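Novice: In our numbering, the protein residues as written are 414 to 583.
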Amino acid sequence: MAISENSVVTLDFSVSNANGELLDSTEDKQPLEYLHGTGYLVAGLEAELNNKAVGEDFDITLAPEQAYGERDEALVQSVPGELFDGMEVSEGDTFVAETDDGHRPVTIVEVAEEYVKVDGNHPLAGMTLTFKGVVRAIRPATEEEIAHGHVHGEHDHDHDEAGGCCDHHH
414 MAISENSVVT LDFSVSNANG ELLDSTEDKQ PLEYLHGTGY LVAGLEAELN
464 NKAVGEDFDI TLAPEQAYGE RDEALVQSVP GELFDGMEVS EGDTFVAETD
514 DGHRPVTIVE VAEEYVKVDG NHPLAGMTLT FKGVVRAIRP ATEEEIAHGH
564 VHGEHDHDHD EAGGCCDHHH
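1) Measuring only the C-alpha atoms, how far is SER427 from ASP472?
2) For GLY546, name the three-state secondary structure that DSSP assigns.
3) Buried or exposed for LYS442, please, with buried defined as at least 16 other CB atoms from any protein chain shown within 10 angstroms of its CB.
4) Would you kindly work out how many angstroms separate the C-alpha atoms of GLY450 and GLU526, rounded to a whole number?
5) Could you pull the start and end residues of the alpha helix (DSSP H) that HIS561 belongs to?
6) Please report the distance separating the alpha-carbon of VAL529 from that of LEU488.
7) Helix, strand or coil: which one does DSSP assign to LEU436?
8) If you run the structure through DSSP and keep just helix, strand and coil, what is PRO536?
9) Kindly list the residues whose CB is nearer than 7 Å to the CB of GLU574, restricted to its own chain and excluding five residues on each side of it in sequence; keep chain order.
10) What number of angstroms, rounded off, separates the C-alpha of GLU558 from the C-alpha of GLU478?
11) Based on the DSSP secondary-structure assignment, which residues constitute the bridge partners of GLU523?
12) Considering only residues of the same chain and omitting the five flanking positions on each side of VAL519, which have a CB-CB separation below 6 Å?
13) Can you look up HIS568 in the DSSP assignment and give me helix, strand or coil?
14) Could you say if the segment 464-471 and the segment 414-430 meet the contact criterion of at least three C-beta pairs nearer than 8 Å?
15) To which residues of the same chain is HIS535 closer than 6 Å at the C-beta, ignoring the five residues directly before and after it?
16) Roughly how many angstroms separate the alpha carbons of THR507 and VAL492, rounded to a whole number?
17) Specify the secondary structure class of GLN490 as computed by DSSP and reduced to three states.
18) Does the Cβ of HIS563 have 16 or more other Cβ atoms within 10 Å, making it buried, or fewer, making it exposed?
This is the structure we're talking about:
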């Protein structure tokens, strides 16, 4: 079976930046399992994986526009510090903010007395990235997985009130 839309794919992979610095890897972790064709992976990597078979390697370098996009300085904003009253926040903390475009992960980049500067860019935005790995398994997705847009796996499956499930992050 080759990878195609609505395949559940299991990968071992690593991703590094243009300097060769390792940014993430499945080594010493569970392999990544995802539903192909849903946009779970960055577009350039998903396109590279089309038609790969179990055991096939991949090694692709993606420009920012094929990966997490260019940095958008409009997504770096100072917000009133009072919005964080009662919370202990520090540089590097991440949280999900509700925006006009829906929920967006943001990173705190500066904490001052009157304001907190947040960055809504993906942490890997603006970077050229190299993905290397191997396809470990491929299977057809179930009807339920296709309907929900993600893999269910071998665990209890409960959607929260917002319709999310299983703590998946891109």
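Using N, Cα and C, we set each Cβ at its ideal position, and we do this for glycine too. Model, not experiment: these values are computed from the prediction.
Specialist: From the atom records:
1) On the sequence shown, residue 427 is found 14 positions in, with the first residue counted as 1. On the sequence shown, residue 472 is found 59 positions in, with the first residue counted as 1. When rounded, the separation of the alpha-carbon atoms in SER427 and ASP472 is 10 Å.
2) Within the sequence shown, residue 546 is the residue found at index 133, counting from 1. Secondary structure at GLY546: strand, using DSSP grouped into helix, strand and coil.
3) Walking along the sequence shown from the start, residue 442 turns up at place 29. So LYS442 counts as exposed.
4) Within the sequence shown, residue 450 is the residue found at index 37, counting from 1. Within the sequence shown, residue 526 is the residue found at index 113, counting from 1. Going from the Cα of GLY450 to the Cα of GLU526 covers about 45 Å.
5) Counting from one through the sequence shown, the residue named residue 561 turns up at place 148. Unbroken alpha helix (DSSP H) run through HIS561: 556-561.
6) Your numbering for residue 529 matches position 116 in the sequence shown. Your numbering for residue 488 matches position 75 in the sequence shown. Rounded to whole angstroms, VAL529 to LEU488 spans 13 Å at the Cα level.
7) On the sequence shown, position 23 is the one that residue 436 refers to. Of the three classes helix, strand and coil, the one that applies to LEU436 here is strand, per DSSP.
8) On the sequence shown, residue 536 is found 123 positions in, with the first residue counted as 1. In this structure, PRO536 counts as coil in the three-state DSSP scheme.
9) Numbered from its first residue, the sequence shown carries residue 574 at position 161. Below a pLDDT of 50, predicted positions are generally treated as unreliable, and GLU574, at 36, falls in that range; no measurement from the model is reported.
10) Along the sequence shown, read from residue 1 onward, the residue named residue 558 stands at position 145. Along the sequence shown, read from residue 1 onward, the residue named residue 478 stands at position 65. Those two C-alpha atoms are separated by around 28 Å.
11) Here residue 523 refers to the residue found at position 110 of the sequence shown. GLU523 is bridged to LYS530.
12) Numbered from its first residue, the sequence shown carries residue 519 at position 106. Apart from sequence neighbours up to five positions away, the residues of its chain that approach VAL519 with a beta-carbon distance below 6 Å are ALA510, VAL531 and GLY533, ordered along the chain.
13) Numbered from 1 along the sequence shown, position 155 holds the residue referred to as residue 568. No answer about HIS568 holds up, because its pLDDT of 46 lies below 50 and its placement is not dependable.
14) Yes, since at least three Cβ pairs between the segment 464-471 and the segment 414-430 fall closer than 8 Å, the two stretches touch.
15) Here residue 535 corresponds to residue number 122 of the sequence shown, with the count starting at 1. Closer than 6 Å at Cβ, skipping near neighbours: TYR481.
16) Your numbering for residue 507 matches position 94 in the sequence shown. Your numbering for residue 492 matches position 79 in the sequence shown. About 15 Å.
17) What you label residue 490 is simply residue 77 of the sequence shown in a count that begins at 1. Per DSSP, reduced to three states, the secondary structure at GLN490 is strand.
18) Reading the sequence shown from its first residue, position 150 is the one you call residue 563. Buried is the call here.
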